[in-house]
Amino acid sequence: MIDTPTTSTRPRSREDKHHATSLRVERSAVSLVLEHGFDNVTVDMICTASGISQRTFFNYFKTKTAAIIGAEPPTIDEASAREFIAAPGDDLLPDALALMSAMGPPDGIDEQLFTDRIQIFGLHPQLLQEQLERMSRVTDEVAELVYLRLARGVDTDTETDADRVFRHGQAELLTHALLGVLRFMALQWIPCPQFGATADTSQEDGRERPTRLTLAEALDRTVTLLRQTLSIPGL
1 MIDTPTTSTR
11 PRSREDKHHA
21 TSLRVERSAV
31 SLVLEHGFDN
41 VTVDMICTAS
51 GISQRTFFNY
61 FKTKTAAIIG
71 AEPPTIDEAS
81 AREFIAAPGD
91 DLLPDALALM
101 SAMGPPDGID
111 EQLFTDRIQI
121 FGLHPQLLQE
131 QLERMSRVTD
141 EVAELVYLRL
151 ARGVDTDTET
161 DADRVFRHGQ
171 AELLTHALLG
181 VLRFMALQWI
191 PCPQFGATAD
201 TSQEDGRERP
211 TRLTLAEALD
221 RTVTLLRQTL
231 SIPGL
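Take UniProt numbering: the final residue in the sequence shown is number 235, and no numbers are missing along the way.
1. Near E141, which residues of its chain fall below 7 angstroms by C-beta distance, leaving aside the five closest residues on each side in sequence?
2. Alpha carbon to alpha carbon, what distance is there between R137 and T158?
3. How many whole angstroms separate the CB atoms of T225 and S101, which I take to be in contact at a CB cut-off of 8 angstroms?
4. Can you tell which of H176, T214, F58 has the C-alpha that lies nearest to the C-alpha of L93?
5. Measure the Cβ-Cβ separation of residue 248 and R134 and say whether it is below 8 angstroms.
6. When you compare only the Cα positions, how much space is there between H36 and D155?
7. Alpha carbons only, please: which of E78, I68, H18 is nearest the one belonging to H124?
8. Can you give me the Cβ contacts of S50 inside the same chain, cut-off strictly under 7 angstroms, excluding the 5 residues immediately before and after it?
9. From T63 to I118, what does the alpha carbon distance come to, in whole angstroms?
10. Given that a residue counts as buried once 16 or more other Cβ atoms are within 10 Å of its Cβ, and exposed if not, what is S231?
11. Report yes if the CB atom of V41 is closer than 8 angstroms to the CB atom of V33, and no otherwise.
12. Can you grab the Cα-Cα spacing for the pair P88 / Q126, in whole Å?
13. With DSSP as the reference, label R152 as helix, strand or coil.
14. With burial defined as no fewer than 16 other Cβ atoms inside 10 Å of the residue's Cβ, what is the status of Q131: buried or exposed?
15. Who are the Cβ neighbours of I46 in its own chain at under 8 angstroms, not counting the five residues just before and after it?
16. Out of D16, V165, L145, state which residue places its alpha-carbon closest to the alpha-carbon of E83.
17. Let me know if V165 comes out buried or exposed under the rule of 16 or more other beta-carbons within 10 Å of its beta-carbon.
18. Have a look at S80 and A96 and give me their C-alpha separation to the nearest angstrom.
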């Protein structure tokens with residue numbers, strides 16, 4: 001007896017195929033931009049590299065830019081949100097920055113694609129600005145998560161409405177401030193690894209070349225610099 005796909009498996013297969021094609025196109029687009037620059041890359045080049053027609057391309061993406069920065073707007077997955085709220089300790093700053101850095105498409109983050117995009121954002125600020133505008137659509141969600149994190153351990157029976165309003169203000173301020181910190185990180189740490197990065201001397205000619213920071217290293221260095229800056233007297 002030949003097994004036939006059930007109704008429940010067909011949509012999943014279509015979704016998987018759609019995701020695989022979309023990811024292939026995005027990887028091709030990002031790779032081409034890193035090699036040739038944004039202005040020199042065309043939709044036709046992306047289609048050729050991806051093995052698809054222009055008609056297929058526009059079924060997935062409205063513009064060349066959408067293929068480069070991703071068709072799906074950034075989101076926060078439920079697991080990351082729960083982990084952030086329940087994280088041990090009171091060191092909110094690095095946890096909030098890591099949460100915002102990990103915002104990605106619903107299907108999850110391709111780490112190499114993610115770091116390549118950050119490099120592109122550093123080289124092409126107009127694309128970074130477009131991505132930040134998309135991220136701003138989920139800032140309310142991030143601010144609510146920060147609010148819940150700040151509320152841990154608070155005695156809800158004794159706090160006042162003024163206390164809650166103040167905490168909401170803190171959460172919104174921190175969220176918007178960290179958007180600026182993320183922009184700084186993209187422009188400074190990732191595309192310009194000479195800023196505090198270790199040197200790579202493994203090249204055949206023996207010359208030192210800066211090693212591109214990983215996302216974790218970039219986050220750590222950015223948080224360290226931010227703490228040092230905020231500790232300056234008078235700030």
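Quick reminder that beta carbons are idealized off the backbone N, C-alpha and C, glycines included. From a predicted model like this one, the values you see are computed outputs, not experimental measurements.
On the basis of the supplied data:
1. I76
2. Approximately 33 angstroms, taken between the alpha carbons.
3. For clarity, residue 225 is Leu in the given sequence; the question names Thr instead. 15 angstroms between Cβ atoms; not a contact.
4. In this structure, H176 is the residue among H176, T214, F58 with its C-alpha nearest to the C-alpha of L93.
5. Look at the range of the chain in this structure, 1 to 235, and you will see that residue 248 is not part of it.
6. C-alpha separation (whole angstroms): 57 angstroms.
7. I68
8. R24, V25, S28
9. 19 angstroms
10. Counting every other CB atom within 10 Å of its CB across the protein chains shown gives S231 a total below 16, marking it as exposed.
11. yes
12. Computed Cα separation, rounded: 37 angstroms.
13. coil
14. buried
15. V25, S28, A29, L32, F57, K64, A67
16. L145
17. exposed
18. 11 angstroms
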